[in-house]
Amino acid sequence: MEDKRPASEQVATVIVSFPLPLIDTVEDSFRSQSEVDYKKYGISQDDIDKAIEEASSLTLDNARAILADYLIEHGDDMLILQSFTNSVKELLTRLSVSEDKIEQAVEVEGRLVAAIFHGNSVYREIRAIFANVDDPDMPCGTVRAWVIGLIWAAGLAGLNQFFAPRNPTLTVSVYIAQLFSFPMGRFCAAILPTIVFLRGTRFEFSLNPGPFSIKEHMLILTPRAKSYQICAMLALQITGFGLAGMIRRFLIYPPQMIWFFTLSQAALNNALHNQSNSHVHGWKISRFNFFFVVCGLMFLYYWLPGTIMPILTFFNWTTWIAPTNATLSILTGSYYFNLGLNPLLTTFDWNWFSGVVDPIIYPFFVVVQIVGSALVWAVLVVIPVFFTNTWYTAYLPINSWYAYDNTGNQYNFSRVVGPGSTLNETAYREYSPLFLPATFVLRYAVLLAVIPAVFTFTWLWYGKAFGQVIKQAFRRISVHHASNDVHSRLMSRYHEVPETWYLAVGAIGAAFGFATVYGWPTGAPGWTVPVTILLSIFFLIPIGVVYAISGYQSSLELLFDIIAGYAVHNRPAAYLLFRAYGLGILEQALFFAKDMKLAHYVKIPPRQMFASQIISSLVSTFVVLAVVNFQFSVKGMCNPQVNVHWVCGTAQTGFSSSLTWGLLGPSRMFTHVDAMYWKIMLGLLAGLLWPVLWYLGKRAWPNSILRYAHPIVMMLGGVVWAPSNLSMFWGTLFFSYIFGVFIKDRWPGWWAKYALVLSSALTAGIVLSALVQFFAISNAGVSVHETR
């Protein structure tokens, strides 16, 4: 009788009956070939070493089934090079002849490649970072992990909120917590007693269960939160957490949802904990030593662009040629208000040009599409609009995030605000309409297009796969048992968190939202909470799919601006609450989902992760609110005339936005046929059709470069402007090619061992250097130029 089980289940229970001398034959056969023979599959020496034992236990039929499943699931996967899938097709063809005609080397190659795809991730980025084995007895949710984790949850939340009003702001990155929590954990493991409390009960625990583990370290890093008072913040955090748990089947468990943001963080943890040191391509340095060497060098180097030579950040070499040429400055200048169109590097500040996209972490095809679309958008759209004076943009800076009046000055909203923060129509007519710069208004057009585009893209590219996920959910099939992914199989040994838990958490968050609306005079209607939650649910999966695959978080700010502008017109406070709920819930859900994926990769038990995220959200909420209320009591806070740095830029921008949309309203600006900017509403239709065109092209030419076309990533080219410009990510193209193509293809072992560690080391060095420079110089009021 034919075995109709999935290949993964057949492999798991196979009775070894292969006639060759198994392990020895596989090892000897591979040793007789060079690693070059496996590069065509994207496989490194380390991948092979891990898979030899499993390859020896596979039958030829098992190998064929695994390779066939691989082509079905990933044959047109944009995250896998087409040359790799073509090589697998060719291999499967060679294995499909009768067994007596298959050469031994081909047979071993097929079994080895199948073992790697079955026993590890199909993505080489994931294979390079995350282990394909798990130790369920490794300490994780220990007392020391909880204590250290909550210290950093409160510390990061409080410090980042403290520096939020500062300009330029200073972000205390998770890398700081990652670096300093490591010696804290080691210190606890060295001094705490090993006494076991409540021995023999289900609550048995020890203050020191053994060496500080990588799971403990990762659990410490996940309880951190992003920064109205208590009810409003709890509504955002808890509701977002509940939604994140409800969509795990779509955004966490599928292997295609990589979440590239997790890679550098995990790479740093591996460097700190993994003491093994295999030599690759002549390099003998361990990951641990490599990290601290690079981190130290970047710490020293960042003093140059950060304090000593700021010119290295804005390297406007083209404007030196003709310093009085305004057009040249507008087009090629790298400072904020210019376009930064420059054929050469315009910055020597890694922090500056890796801010939009990290060129080491993200695939080359993603970086190419971001940079290329931004360049095309600037040349074919922004420049013509500006130089033809469309919407009077030629009278304004070409790339600015401010609103202006009819004199070219920043719009003074105080002149049109009447009693009760309502619009004074007479004062508005006497003063000026509101004018927007070229990149600013065109950014709105693209943001509108993104709204329908994410749905079209998700339906066309992932509709079939998600349909299977929905069927499994209704049939109550465990997603871990339905998946061929090794990480899901390893996680199946742990108790999953029921959806009802997350549903209950979401309901509690909604209750806090209703309490905020009805308990305080916000002016917001009661339907604010259910509408924002429903919109977040509606958009969470398509936006999460794009975010997980490309690293681009589509913004729905314009959608909530328009809805709130109509629904609570002439009520800026109510507008702010509606907008904060809509964007905040969605952002928190994606934030928690990213951490859930990281926990999935490193095998943190789901229920321990659930408790960690819930408790840390509560702690960080109260810490942030304490800091905010302290800042309110500081005299001169948010007044640049009193303190030039503590200007509350984000809050001021939010206030201006509330007046633009909540006071003036979308009809006056965009949606009415007589509005100056009504044509940007055509972006909705364009966004609906844009992914369809690329999908049809991909289907018509499946073996072309269109395989890698990501229509949503290409739309980022119109969004990244104001305040960013091309100088911030032009240099990423070069570095992405060097690391993502040249090194990755020629020296896959080096790339797998060092590349992602390099990214985390560069970021950590910059963060540490920036902190030292801030406290030693900037905050002390010292000027390097004055001390010369």
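Numbering (this note's numbering), first residue to last: 19 to 806. Where a beta carbon is used, it is the ideal one built from N, C-alpha and C, also for glycine.
Backbone CA spacing between residue i and residue j [nearest angstrom]
i: S635; j: E605; result: 14 Å
i: T342; j: Q196; result: 48 Å
i: F792; j: Y56; result: 49 Å
i: S75; j: A133; result: 9 Å
i: V472; j: E117; result: 47 Å
i: F532; j: V386; result: 45 Å
i: T212; j: N138; result: 36 Å
i: G485; j: G314; result: 49 Å
i: M509; j: M627; result: 13 Å
i: P624; j: V161; result: 17 Å
i: Y319; j: S777; result: 15 Å
i: V710; j: Q63; result: 40 Å
i: Y429; j: V523; result: 43 Å
i: G438; j: T444; result: 16 Å
i: G18; j: T364; result: Residue 18 is absent from the model: the chain starts at 19 and stops at 806.
i: R23; j: N80; result: Low confidence applies to R23: its pLDDT is 46, below 50, so where it sits in the model is not reliable, and the reading given next is rough at best. So the alpha carbons of these two residues sit roughly 12 Å apart.
i: S432; j: F404; result: 28 Å
i: S506; j: W338; result: 57 Å
i: F383; j: F650; result: 46 Å
i: H690; j: F578; result: 18 Å
i: I232; j: T189; result: 25 Å
i: L441; j: L681; result: 6 Å
i: N334; j: A585; result: 46 Å
i: V785; j: F198; result: 13 Å
i: I70; j: Q122; result: 15 Å
i: G351; j: L357; result: 6 Å
i: A718; j: Y599; result: 42 Å
i: L751; j: F279; result: 19 Å
i: S296; j: L113; result: 33 Å
i: I622; j: N292; result: 17 Å
Cβ-Cβ separation, residue j to residue i (assumed contact under 8 Å), whole Å
i: V487; j: F268; result: 6 Å
i: G373; j: M746; result: 6 Å
i: F760; j: A773; result: Their Cβ separation, rounded to whole angstroms, is 11 Å, which puts F760 and A773 out of contact at 8 Å.
i: I416; j: V400; result: 7 Å
i: F259; j: Q631; result: 6 Å
i: A262; j: A611; result: 4 Å
i: L706; j: S391; result: Wrong, their Cβ atoms sit about 18 Å apart, outside the cutoff.
i: I276; j: L97; result: 7 Å
i: L99; j: G128; result: Contact flag wrong, Cβ pair sits at about 19 Å.
Proximity below 7 Å, CB of residue i to CB of residue j
i: G767; j: V214; result: no
i: G683; j: H587; result: yes
i: L595; j: T639; result: no
i: V737; j: F309; result: no
i: I270; j: H513; result: no
i: H728; j: S568; result: yes
i: T336; j: P323; result: no
i: P741; j: Y354; result: yes
i: L78; j: F200; result: no
i: L744; j: L359; result: yes
i: A16; j: I194; result: The structure shown does not extend to residue 16, since the chain spans only 19 to 806, so no value can be given for it.
i: L466; j: L552; result: no
i: A253; j: F530; result: yes
i: F180; j: V645; result: yes
i: S754; j: P377; result: yes
i: T257; j: G527; result: yes
i: Y422; j: F453; result: yes
i: M264; j: Y420; result: no
i: V637; j: L237; result: no
i: A607; j: L574; result: no
i: V641; j: G176; result: yes
i: A542; j: V535; result: yes
i: N307; j: H235; result: no
Given 8 Å, three or more beta-carbon pairs between the stretch 100-119 and the stretch 76-91: yes
task: Check whether the stretch 143-157 touches the stretch 227-240, taking contact to mean three or more Cβ pairs, one atom from each stretch, closer than 8 Å.
output: yes
- request: Identify every run of the alpha helix (DSSP H) within the stretch 57-112, keeping only runs that are complete inside it and at least 4 residues long; order them along the chain.
  value: 63-75, 78-92
message: At 4 residues or longer, what runs of the alpha helix (DSSP H) sit wholly inside the stretch 394-457?
response: 401-405, 443-449
task: Could you name each continuous alpha helix (DSSP H) segment of 4 residues or more that falls completely within the stretch 337-406, going from the start of the chain to the end?
output: 344-350, 368-371, 382-395, 401-405
message: Extract the residue ranges of the alpha helix (DSSP H) inside the stretch 543-625, only unbroken runs of 4 or more that lie entirely within it.
response: 546-568, 575-585, 590-620
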